[in-house]
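Colleague: Starting off with a structure, shown below.
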């Protein structure tokens with residue numbers, strides 16, 4: 128294994144620094160929202176983690192297709208890295224959302240389309256890891272994993288549509304809002320904190336992804352050594 | 014050598030599964046007894062009095078089908094794997110998709126047989142008329158999607174160490190749209206709702222069936238590849 132690249136080391140420190148600045152912007156710099164009060168500050172990290180997690184899931188599906196087409200194990204290692212980080216980020220999204228919902232909706236949880244789809248998506252990718260851990264042959268594990276990420280990736284949007292047969296109470300911040308949903312308007316300072324949080328979490332994702340990919344390569348190597356010793 | 018057509022090969026596999034099942038009746042009897050037990054449990058846990066029943070009949074039926082379905086799916090793939098007949102099927106000079114469609118159709122047949130017995134039993138026990146063409150259509154559409162995805166995932170789960178435990182965990186989150194749409198449509202049919210209100214759910218069911226039959230067909234080759 129080659130030593131850790133300098134660029135990755137720098138990226139590690141940049142991530143920490145960005146996270147500190149993003150925290151400052153979200154908790155101190157951004158003005159307090161008129162109706163929701165301080166609880167609204169959760170929003171910056173909530174969207175930041177959600178955005179990267181969803182991008183990560185889509186990215187994982189693309190990597191799954193690449194694996195199925197090329198059968199190169201490299202894509203599988205990258206796919207695991209993407210899913211693993213996204214699962215953690217999405218869990219953070221759900222927990223942060225829940226904390227926000229307690230004062231605003233007066234409940235930790237409701238079976239709203241977005242919340243339900245989020246929970247189901249999280250469960251799909253947890254099932255993905257259970258599937259992988261049950262299969263010994265690395266090549267078969269990679270194939271099954273790729274197929275399952277694709278099935279999950281297609282079914283999650285359909286789940287969303289099928290629950291949307293009911294009305295949603297989740298706020299729509301960006302883009303056209305449904306007439307009966309509450310719409311949040313951001314001041315320029317809020318927008319700065321928001322965009323900075325998006326940027327921060329994207330950088331953190333890239334940093335973790337890179338580190339996790341290197342770890343995955345090591346795992347594959349260890350597995351290979353184990354198999355060749357038997 | 015002459016390779017049989019896709020249709021003939023598919024039908025041969027369906028015939029094999031059905032005749033094996035007719036001789037042993039292992040799978041159907043297990044699914045059936047299990048379904049009746051699930052209804053029994055629902056009866057006491059939900060306290061199915063006439064008022065509650067109106068809203069939950071579709072939910073109880075679909076949960077029963079979903080749970081009983083995993084028994085059948087697990088068993089039908091495990092039998093092929095354990096007795097080595099899956100290798101035989103893979104060696105046969107037929108298109109791989111014939112194996113998928115054959116297994117999926119026989120799984121669908123088992124589900125429909127179980128449903129055909131559970132429905133009248135439920136209707137008698139709770140004095141509810143379930144024989145409405147709309148409801149039967151929903152049950153057919155839901156079972157088709159369930160059997161297609163279920164067959165694919167069961168052929169994945171059968172290779173894992175924890176296979177019996179794994180199948181429902183893999184299947185339920187992916188099959189959720191079918192259950193949601195089917196329950197909504199079934200409830201609407203039972204409540205005599207206007208068709209315009211039912212169509213969105215039916216559209217989701219049909220869309221899911223088409224998309225997932227196509228995906229399962231595409232991926233089955235990747236799954237059974239040795």
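Chains as they are written, first to last, in this note's numbering: chain X, 128 to 357; chain F, 14 to 239.
Where a beta carbon is used, it is the ideal one built from N, C-alpha and C, also for glycine.
Since the model is a prediction, treat every value here as computed from it, not as a measurement.
Counting C-beta neighbours from all protein chains within 10 Å, is the total for residue 174(F) 16 or more, i.e. buried, or is it exposed?
Modeller: By the neighbour-count criterion, in which a residue is buried when 16 or more other Cβ atoms sit within 10 angstroms of its Cβ, residue 174(F) is exposed.
Colleague: Can you check which of these residues, 226(X), 187(X), 217(X) and 218(X), is closest to residue 207(X) by C-alpha distance?
Modeller: 187(X)
Colleague: For the alpha helix (DSSP H) holding residue 242(X), just list the boundary residues, first then last.
Modeller: 240 to 260
Colleague: Can you check whether the C-beta of residue 305(X) is within less than 8 Å of a C-beta belonging to chain F?
Modeller: With a pLDDT of 46 at residue 305(X), under the threshold of 50, the predicted position of this residue should be treated as unreliable, though the coordinate-derived value follows. Chain F contact via Cβ: absent.
Colleague: Consult DSSP for residue 302(X) and reduce its assignment to one of helix, strand or coil.
Modeller: Any reading at residue 302(X) needs caution, since the residue's pLDDT is 49, under 50, leaving its predicted position unreliable; the model's value is listed next. If DSSP states are grouped into helix, strand and coil, residue 302(X) belongs with coil.
Colleague: Residue 112(X) versus chain F: which residues are under 7 Å apart at the beta carbon?
Modeller: The structure shown has nothing for residue 112(X), since chain X only spans 128 to 357.
Colleague: Which class does residue 223(F) belong to by DSSP, given the choice of helix, strand or coil?
Modeller: helix
Colleague: Apart from the five residues on each side of it in sequence, which residues of its chain come closer than 6 Å, Cβ to Cβ, to residue 215(F)?
Modeller: 198
Colleague: Only counting runs of 4 or more residues, tell me where the alpha helix (DSSP H) segments fall wholly within the region 85 to 131 of chain F, in order along the chain.
Modeller: 98 to 104
Colleague: What does residue 175(F) reach in chain X if we use C-beta pairs closer than 7 Å?
Modeller: 261
Colleague: Check each candidate in 346(X), 137(X) and 178(X) and name the one with the smallest Cα separation from residue 322(X).
Modeller: 178(X)
Colleague: Between the region 38 to 52 of chain F and the region 85 to 99 of chain F, are three or more C-beta pairs nearer than 8 Å?
Modeller: yes
Colleague: Can you look up residue 112(X) in the DSSP assignment and give me helix, strand or coil?
Modeller: The structure shown does not extend to residue 112(X), since chain X is modelled only from 128 through 357, so no value can be given for it.
Colleague: Name the chain X residues whose beta carbon is nearer than 8 Å to that of residue 236(F)?
Modeller: Result: 270, 271 and 274.
Colleague: Kindly indicate which three-state DSSP category residue 160(X) falls into: helix, strand or coil?
Modeller: strand
Colleague: On a Cα-Cα basis, can you pick out the residue from 155(X), 162(X), 319(X) and 211(X) that is closest to residue 231(X)?
Modeller: 162(X)
Colleague: Are the C-beta atoms of residue 194(F) and some chain X residue less than 8 Å apart?
Modeller: yes
Colleague: Given 8 Å as the limit, is there contact between the region 183 to 201 of chain F and the region 66 to 84 of chain F, that is, 3 or more CB pairs closer than that?
Modeller: The region 183 to 201 of chain F is in contact with the region 66 to 84 of chain F.
Colleague: Suppose only complete runs of 4+ residues qualify. What are the alpha helix (DSSP H) ranges in the region 127 to 183 of chain F, listed by chain order?
Modeller: 146 to 170
Colleague: What's the gap between the Cα of residue 257(X) and the Cα of residue 181(F)?
Modeller: 12 Å
Colleague: Answer with yes or no whether the minimum CB distance from residue 205(X) to chain F is below 8 Å.
Modeller: no
Colleague: Tell whether a beta-carbon distance below 8 Å holds between residue 12(F) and residue 45(F).
Modeller: There is simply no residue 12(F) to check, as chain F begins at 14 and stops at 239 in what is shown.
Colleague: Keeping to the same chain, check which residues put their C-beta closer than 7 Å to that of residue 139(F); ignore five residues upstream and five downstream.
Modeller: If the five residues before and after residue 139(F) are omitted, its C-beta is found closer than 7 Å to the C-beta atoms of 61 and 66, all from its own chain and listed in chain order.
Colleague: Establish whether the CB of residue 207(F) and some CB of chain X are separated by less than 8 Å.
Modeller: no
Colleague: Kindly indicate which residue of 23(F), 99(F), 156(F) and 145(F) has the alpha-carbon position closest to the one of residue 124(F).
Modeller: Nearest of 23(F), 99(F), 156(F) and 145(F) to residue 124(F), Cα basis: 156(F).
Colleague: Suppose you measure from the CA of residue 167(F) to the CA of residue 101(F); what does that come to, to the nearest Å?
Modeller: 18 Å
Colleague: Excluding the five sequence neighbours on either side, which residues of its own chain have a C-beta within less than 7 Å of the C-beta of residue 196(F), listed in chain order?
Modeller: 71, 72 and 75
Colleague: So, helix, strand or coil for residue 32(F), using DSSP?
Modeller: helix
Colleague: 8 Å is my cut-off, CB to CB: does residue 257(X) come that close to chain F?
Modeller: yes
Colleague: Could you tell me how far apart the beta carbons of residue 159(F) and residue 52(F) are, in whole angstroms, since I believe they sit closer than 8 Å?
Modeller: About 18 Å; that fails the 8 Å criterion.
Colleague: Nearest CA to the CA of residue 134(X): which residue from 345(X), 347(X), 330(X) and 349(X)?
Modeller: 330(X)
Colleague: Counting pairs of Cβ atoms below 8 Å between the region 138 to 154 of chain X and the region 334 to 351 of chain X, do you hit three or more?
Modeller: yes
Colleague: Excluding five sequence neighbours on each side, which residues of the same chain lie with their C-beta closer than 6 Å to the C-beta of residue 290(X)?
Modeller: Cβ neighbours of residue 290(X) beyond the five flanking positions: 240 and 243.
Colleague: Do residue 78(F) and residue 151(F) have their C-beta atoms closer together than 8 Å?
Modeller: no
Colleague: Hey, quick one: how far does the alpha helix (DSSP H) through residue 56(F) stretch, first residue to last?
Modeller: 39 to 58
Colleague: Among 320(X), 263(X), 268(X) and 245(X), which residue has its Cα nearest to the Cα of residue 284(X)?
Modeller: Out of 320(X), 263(X), 268(X) and 245(X), 245(X) has the C-alpha closest to the C-alpha of residue 284(X).
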